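*Asks:*
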Amino acid sequence: MNFRTNVILGWVLAVLFVGLGLSMAGKLYFKQGRPEKMGYPIEGVVEEGAGGGAAAAPAVPIETLMASAEVTKGEAVFKKCASCHNAQSGGANGIGPNLYGIVGHQVAAHPGFAYSDALKAKGGTWTFAALNEWLTNPRKYAEGTKMSFAGLTNPEDRANVIAYLNAQGSNLPIPAAAPAAPGPDTTQAPGDTTAADAGNAATPADGNSAAPAK
Numbered sequence: 003m004n005f006r007t008n009v010i011l012g013w014v015l016a017v018l019f020v021g022l023g024l025s026m027a028g029k030l031y032f033k034q035g036r037p038e039k040m041g042y043p044i045e046g047v048v049e050e051g052a053g054g055g056a057a058a059a060p061a062v063p064i065e066t067l068m069a070s071a072e073v074t075k076g077e078a079v080f081k082k083c084a085s086c087h088n089a090q091s092g093g094a095n096g097i098g099p100n101l102y103g104i105v106g107h108q109v110a111a112h113p114g115f116a117y118s119d120a121l122k123a124k125g126g127t128w129t130f131a132a133l134n135e136w137l138t139n140p141r142k143y144a145e146g147t148k149m150s151f152a153g154l155t156n157p158e159d160r161a162n163v164i165a166y167l168n169a170q171g172s173n174l175p176i177p178a179a180a181p182a183a184p185g186p187d188t189t190q191a192p193g194d195t196t197a198a199d200a201g202n203a204a205t206p207a208d209g210n211s212a213a214p215a216k
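Quick note, my numbering runs 2 ahead of the 1-based positions in the sequence shown.
What follows is the structure in structure tokens.
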């Protein structure tokens with residue numbers, strides 16, 4: 003290898019070392035931090051969970067659901083409870099108490115069953131609304147209850163089960179559905195004029211006044 007080749011190789015290696023040194027120095031000087039938000043914003047797209055999301059729908063009153071509840075459907079749903087309860091007249095208690103005539107009956111009062119202190123402290127009667135709340139989440143209704151059932155999340159299922167239980171010895175009249183809330187009053191009082199009405203009244207009636215603005 004001649005002198006000229008050695009010089010060329012020396013310069014190439016020198017350039018490589020200089021480039022590597024500059025790259026390392028640049029990384030030390032310019033710290034690369036993780037951005038607070040990854041990606042780029044897209045106009046018109048609302049992030050999931052942002053304040054622009056729709057509010058949760060209000061719960062339907064049990065009275066409204068009971069108006070369309072079906073005993074036969076409730077009997078089918080009640081099969082989920084059959085391992086612990088029965089709803090037959092004179093039936094024995096199981097893991098849970100007999101539920102014959104439960105609708106309108108005093109809470110935690112069926113003879114011969116050892117209720118939890120939490121449910122006994124709840125008191126009251128098993129109204130349609132109370133049963134709906136209990137079937138939604140028993141542990142929330144009476145914290146400390148022995149009942150391990152998680153609840154029925156479907157409101158129609160709850161209404162159907164309550165209708166079925168009501169038909170087993172209670173036969174109470176189905177409560178009337180609550181009247182619908184009145185809508186906003188859209189009538190305009192005499193003499194009230196909006197800004198748009200005032201603007202329209204001031205527009206000269208010429209041949210172009212009816213054309214849409216562009």
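For each residue, glycine too, the CB sits at the ideal point set by N, CA and C.
Every value quoted in this text rests on a predicted model; they were computed, and no experiment measured them.
With a Cβ-Cβ cutoff of 7 Å, do Ser91 and Tyr102 count as a contact?
*Replies:* Counted from its first residue, the sequence shown places residue 91 at position 89. Counted from its first residue, the sequence shown places residue 102 at position 100. It is a contact, given that the beta carbons lie within the stated cut-off.
*Asks:* Under 7 Å between the Cβ atoms of Ala131 and Ile64?
*Replies:* Translated into the one-based positions of the sequence shown, residue 131 becomes position 129. Translated into the one-based positions of the sequence shown, residue 64 becomes position 62. Yes, they are a contact pair.
*Asks:* In angstroms with no decimal places, state the Cα-to-Cα distance between Thr138 and Pro113.
*Replies:* Here residue 138 corresponds to residue number 136 of the sequence shown, with the count starting at 1. Here residue 113 corresponds to residue number 111 of the sequence shown, with the count starting at 1. Whole-angstrom Cα-Cα distance: 25 Å.
*Asks:* In chain order, what are the residue ranges of uninterrupted alpha helix (DSSP H) at least 4 long that sit wholly in the region 121-177?
*Replies:* Counting only runs of 4 or more, we get 130-138, 140-143 and 157-169.
*Asks:* Just to check my reading of the structure: Asp159 and Val79 have Cβ atoms closer than 8 Å, yes? What is that Cβ distance to the nearest angstrom?
*Replies:* Mapped onto the sequence shown, residue 159 falls at position 157. Mapped onto the sequence shown, residue 79 falls at position 77. Yes, they are in contact, since the Cβ atoms of Asp159 and Val79 sit about 5 Å apart, within 8 Å.
*Asks:* Once you ignore the five residues that flank Phe19 on each side, which residues in its own chain have a CB closer than 7 Å to its CB?
*Replies:* For the purposes of this step, residue 19 is taken as the residue at position 17 of the sequence shown. Contacts found: none.
*Asks:* State buried or exposed for Gly209, treating a residue as buried only when at least 16 other CB atoms are found within 10 Å of its CB.
*Replies:* As a first step, residue 209 is located in the sequence shown; it is residue number 207 there, counting from the start. Model confidence at Gly209 stands at a pLDDT of 44, short of 50, so the residue's coordinates are unreliable; what they give is reported in the following sentence. So Gly209 ends up on the exposed side.
*Asks:* For the alpha helix (DSSP H) that Lys75 lies in, which residues bound it at each end?
*Replies:* Residue numbering aside, residue 75 sits at position 73 when the sequence shown is read from its first letter. That run of the alpha helix (DSSP H) goes Val73 to Phe80.
*Asks:* Closest to Ala89 by CA distance: which of Ala165, Leu11 and Gly12 is it?
*Replies:* The residue labelled residue 89 in the question sits at position 87 within the sequence shown. Taking only the C-alpha atoms, the option nearest Ala89 is Ala165.
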